[in-house]
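Asker:
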Amino acid sequence: GWRLGLTAWSYKDNTLFETIDKAADLGIWYLDGLNVQKVSSEIDKDFDYNLSNEELLSIRHKLLEKGVAITNYYIHDIPGDEAICKRIFDFGQLMGIEAFIAEPKPEALDLIDRYCQQYGIRLAIHNHGKDISPVYHDPQKLLKAIAGKSRMIGVCGDLGYWQRNGFDPVQAVTLLKDRIVTLQVHDLNEKTSKGHDVPWGTGISNLQNFFQTI
């Protein structure tokens, strides 16, 4: 049941429209959107909830034209603010987004959970390093943070950051189980904090074993 998608972060220096074109050219029909990416040369604004309905409609037309769907959308912080939360989820509903990938403060999760259930849009909590994600970088701490929350709150596991922080991806997904909403798959040249991405299958991440396990 897994779907292969492209993350807009890989093309953050391009516009969203250019990224949609690239995904279609590669035959990849799912895309993770990004809140700090410009929309197009005509719409010189970030792809976020501040866009007008007309501008969002232009994006929907572009997606339909290319046969690409934005299934997930990265927005680093969803604040525990009722009005802003509603605007973000209204935006997600208009764009047909299935899950927000974010790293909200733990105290905001109850409010976000309520909106997730109301709108039918999941939250997939992402993990960076310990400096950016003091709670979420550790799969054990992450699982504890979402304990008691509805199943609309889950995890976007970043294999690259798990490995840079000394966590085994197979053990992480085994621990998090059905809380996994989506995965950002990385193969690294070395399992250290300085490890960088290399083409899948050419690094030390043993992705074949990972995919066979999950």
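Note that the working numbering has the sequence shown beginning at 1, numbered continuously upward.
Glycine included, C-beta positions come from ideal geometry on N, C-alpha and C.
Going by DSSP, name the residue or residues bridged to Thr182.
Answerer: Partner(s): Cys156.
Asker: If you run the structure through DSSP and keep just helix, strand and coil, what is Leu51?
Answerer: In this structure, Leu51 counts as coil in the three-state DSSP scheme.
Asker: Between which residues of its own chain and Thr19 is the CB-CB distance below 6 Å, once the five residues before and five after are set aside?
Answerer: Correct list, in chain order: Ala8 and Tyr11.
Asker: Whole angstroms are fine: how far does the CA of Ala102 sit from the CA of Gly157?
Answerer: Whole-angstrom Cα-Cα distance: 11 Å.
Asker: Can you give me the Cβ contacts of Ile28 inside the same chain, cut-off strictly under 7 Å, excluding the 5 residues immediately before and after it?
Answerer: Closer than 7 Å at the Cβ level, and outside the excluded window around Ile28, lie Leu4, Gly5 and Leu6.
Asker: Considering only the alpha carbon of each residue, which of Asp90, Glu82, Gln118 and Gln117 lies closest to Ala108?
Answerer: For Ala108, the nearest C-alpha among the options comes from Glu82.
Asker: Taking the straight line between their C-alpha atoms, what separation do you get for Gln37 and Gly129?
Answerer: Near 22 Å, if we compare the C-alpha coordinates of Gly129 and Gln37.
Asker: Evaluate the contact criterion for the segment 187-207 versus the segment 141-154: three or more CB pairs, one atom per stretch, below 8 Å.
Answerer: At 8 Å Cβ cutoff, the stretches do not touch.
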